[in-house]
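**Student:** In the order they appear, the protein sequences are chains A and B. Residue numbering for the first sequence is 10 to 124, as defined by the working numbering. Residue numbering for the second sequence is 3 to 112, as defined by the working numbering. The beta-carbon is built from N, C-alpha and C at its ideal position, and this holds for glycine as well. Please read all numbers here as calculations on a predicted model, not as lab measurements.
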Amino acid sequence: GAVVSQHPSRVICKSGTSVKIECRSLDFQATTMFWYRQFPKQSLMLMATSNEGSKATYEQGVEKDKFLINHASLTLSTLTVTSAHPEDSSFYICSARESLAGEQFFGPGTRLTVL
Amino acid sequence: GEDVEQSLFLSVREGDSSVINCTYTDSSSTYLYWYKQEPGAGLQLLTYIFSNMDMKQDQRLTVLLNKKDKHLSLRIADTQTGDSAIYFCAEGDSWGKLQFGAGTQVVVTP
Numbered sequence: 010g011a012v013v014s015q016h017p018s019r020v021i022c023k024s025g026t027s028v029k030i031e032c033r034s035l036d037f038q039a040t041t042m043f044w045y046r047q048f049p050k051q052s053l054m055l056m057a058t059s060n061e062g063s064k065a066t067y068e069q070g071v072e073k074d075k076f077l078i079n080h081a082s083l084t085l086s087t088l089t090v091t092s093a094h095p096e097d098s099s100f101y102i103c104s105a106r107e108s109l110a111g112e113q114f115f116g117p118g119t120r121l122t123v124l
Numbered sequence: 003g004e005d006v007e008q009s010l011f012l013s014v015r016e017g018d019s020s021v022i023n024c025t026y027t028d029s030s031s032t033y034l035y036w037y038k039q040e041p042g043a044g045l046q047l048l049t050y051i052f053s054n055m056d057m058k059q060d061q062r063l064t065v066l067l068n069k070k071d072k073h074l075s076l077r078i079a080d081t082q083t084g085d086s087a088i089y090f091c092a093e094g095d096s097w098g099k100l101q102f103g104a105g106t107q108v109v110v111t112p
């Protein structure tokens, strides 16, 4: 199947700093990328959907000024957690699909720890 | 709101069959999915079933869907140690948005 990578896999930062997470589709062009957040022993919660070249659509309760999403190319989307706080510590997972009816391929996730 | 529920843990002996159950609430779901997550890896799509189907079989995997009860199950025949992982069920709408359960940790013992 298609490969989606995330970078970094793990990041520790101080409270108040901003962290950028990259999601790349390595062997296909992703018209849509999704960002999820997963707490321990809980399900993946969809945060936002991003389509290449347009603004991301955020799920209810997700602050768009806090979680900045950029999908500037067909192979790269970035999630920036601005002014991170300890409650933002979580596992962030992205997925990508080539077309509307296409399968979503998931990245391996990024573990964010905010001290 | 919509909710997907599944049990958190299942222990099974190697060679036996595993059955993982899932219930969902959104009757407008178009597809229902089973994903597998191994440590350090992304979610891998195992199989899916269209909402107007009752059953789908794919080698060792059998998916049963009871749409009336909104109940989905995944049966793994002849479970192997390599099947140890977390299994997520998910429901998807026609736009491809997925709603996941919390995942079932399957542990296969020799």
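When Cβ atoms are compared, which residues of the region 41-54 of chain A fall closer than 7 Å to chain B?
**Tutor:** Listed in sequence order: Lys50, Gln51, Ser52, Leu53.
**Student:** Would you say B:Phe102 reaches chain A, if we count a Cβ-Cβ gap shorter than 8 Å as a contact?
**Tutor:** Yes - at least one Cβ of chain A is within 8 Å of the one on B:Phe102.
**Student:** Would you say B:Gly98 lies against chain A (beta-carbon separation less than 8 Å)?
**Tutor:** Yes, because at least one Cβ of chain A sits closer than 8 Å to the Cβ of B:Gly98.
**Student:** Verify whether the separation of the beta carbon atoms of B:Ile88 and B:Thr111 is less than 8 Å.
**Tutor:** Contact flag unset, no.
**Student:** Check each candidate in A:Glu96, A:Thr91, A:Gly116 and name the one with the smallest Cα separation from A:Pro103.
**Tutor:** Note on identity: in this sequence residue 103 of chain A is Cys, with Pro being the wrong assignment. Cα-wise, what sits closest to A:Cys103 is A:Gly116.
**Student:** Return the chain-ordered list of same chain residues with a C-beta closer than 6 Å to the C-beta of A:Pro95, the five sequence neighbours on each side being excluded.
**Tutor:** The answer, listed in chain order, is Val123.
**Student:** Applying the 10 Å Cβ sphere with the 16-neighbour rule, what's the burial state of B:His73?
**Tutor:** So B:His73 ends up on the exposed side.
**Student:** Are the C-beta of A:Gln38 and some C-beta of chain B separated by less than 8 Å?
**Tutor:** Output row for A:Gln38: interface = no.
**Student:** Which residues in chain A sit within 9 Å of B:Ala79, going by Cβ to Cβ distance?
**Tutor:** None at all; the shortest Cβ gap to chain A is about 23 Å.
**Student:** With 16 as the cutoff for other CB atoms within 10 Å, does A:Val13 come out buried or exposed?
**Tutor:** With 16 or more other Cβ atoms within 10 Å, it is buried.
**Student:** Where does the unbroken beta strand (DSSP E) through A:Leu88 begin, and where does it stop?
**Tutor:** Unbroken beta strand (DSSP E) run through A:Leu88: 85-90.
**Student:** Under 9 Å between beta-carbons, which chain B residues line up against A:Arg106? List them in chain order, please.
**Tutor:** The contacting residues are Gly98.
**Student:** Which of the three DSSP states is assigned to B:Gly44 in this structure?
**Tutor:** Of the three classes helix, strand and coil, the one that applies to B:Gly44 here is coil, per DSSP.
**Student:** Classify B:Gly94 as helix, strand or coil using the three-state DSSP reduction.
**Tutor:** Of the three classes helix, strand and coil, the one that applies to B:Gly94 here is strand, per DSSP.
**Student:** Return the chain-ordered list of same chain residues with a C-beta closer than 8 Å to the C-beta of B:Val109, the five sequence neighbours on each side being excluded.
**Tutor:** Answer for B:Val109: Phe11, Leu12, Ser13, Val14, Ser86, listed in chain order.
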